[in-house]
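Colleague: This is the structure I want to talk about, given as structure tokens.
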Amino acid sequence: MSLLDVRDLRIAFRQDGQLTEAVRGVSFTVEKGETVALVGESGSGKSITALSTVSLLPDSAEVSGSVTYDGAQMIGADERELRRVRGNDISFIFQEPMTSLNPLHTIEKQLAESIRLHQGLTGTAVRTRILDLLEKVGIQDAESRIGSFPHQLSGGQRQRVMIAMALANGPELLIADEPTTALDVTIQAQILELLADLKRDEGMSMLFITHDLGIVRRFADRVCVMQQGEIVETGPVAEIFDRPQHPYTKMLLAAES
Ligand code: ADP
Ligand code: MG
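The sequence shown begins at 1 in the UniProt record's numbering and counts up one residue at a time.
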């Protein structure tokens, strides 16, 4: 059984009485320990595909098809089940960490909430766990950083904190939606290094969304190429990069070099 199994996913938005299909019959799996990349130009449906895995789409979206996580159906699942999966099994990292961190709370407070909620730790164990997490994500001098507010950190440090938040609940599957796009190139490389470590050391499974083929080549095991709401080509990374079949994939590869 696949960890994540998406079958014939369709997502349409109702606007001014009209229904527009944005994802049109997408199917893919993520196996345990595997990194699957979703690539494609902006607007091709990558983010909404990812969000639909744990029913995070707005109410204006109509979703059909099947998404199972560890065998449990996520589409139409009740709130309690969804909260369980979001809380314990799947974590997200997004492009812009500033929008996901609370500007009014210290790093310690934001991480503490997540840790208390999901891991049932209390007292000094919480602080120890926070320092562990900050160290794991490569925040230098965690002791002195723990009391900082988000705006006091650099973009790269904020993204590291976001990754620490995502890891706080010990997820099995990490969904990373363009996690390095907003960062400058050196920091991008460091964040990717960190994600690669998580994959190698902890066998983390990942769904990695990017429009950067260089990242896919380095990082992913399999790739799904999306165009206008459909997966036009999918397979092992080496195979797709060496022998692309679909004109759109060929174009992406040509544009890269
Ligand atoms: P990507 O992540 O590949 O850039 P998205 O998944 O964000 O693309 O969006 C795919 C398409 O879905 C968009 O081009 C847009 O037409 C539509 N869409 C996304 N979110 C909404 C929304 N909240 N309301 C209406 N349409 C939306
Ligand atoms: Mg997106």
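C-beta: ideal position from N, C-alpha, C; glycine also.
(1) Determine the direct distance from the alpha carbon of Leu-57 to that of Leu-51, and round the result to whole angstroms.
(2) Tell me the rounded alpha-carbon separation between Gly-33 and Phe-241.
(3) Run through DSSP, which three-state label would Gly-5 get?
(4) By the three-class DSSP mapping on this structure, what secondary structure does Ile-90 have?
(5) Starting from Ala-61, trace the beta strand (DSSP E) both ways and give me its first and last residue.
(6) Going by C-alpha distance, which of Ser-66, Gly-214 and Gly-170 is nearest Leu-9?
(7) At a cut-off of 8 Å, would you count Glu-178 as near ligand 2, judging by its Cβ distance to the nearest heavy atom?
(8) Three-state secondary structure (DSSP) at Val-39?
(9) Using 8 Å as the cut-off, classify the Cβ of Pro-58 as near or not near the heavy atoms of ligand 3, replying yes or no.
(10) Can you tell me whether Asp-177 is buried or exposed, with buried defined as 16 or more other CB within 10 angstroms of its CB?
Modeller: Once the coordinates are examined:
(1) Between Leu-51 and Leu-57, the alpha-carbon positions lie close to 6 Å from each other.
(2) When rounded, the distance between both Cα atoms is 22 Å.
(3) In the sequence as presented, Gly is not what sits at residue 5; that position holds Asp. Annotated three-state conformation of Asp-5 is strand, per DSSP.
(4) Here Ile-90 sits in strand by DSSP.
(5) 61-69 is the extent of the beta strand (DSSP E) around Ala-61.
(6) When C-alpha distances from Leu-9 are compared across Ser-66, Gly-214 and Gly-170, the shortest belongs to Ser-66.
(7) Checking the Cβ of Glu-178 against ligand 2 gives yes.
(8) It is a strand residue.
(9) Although ligand 3 was asked about, the structure shown includes only ligand 1 and ligand 2 as ligands.
(10) With 16 or more other Cβ atoms within 10 Å, it is buried.
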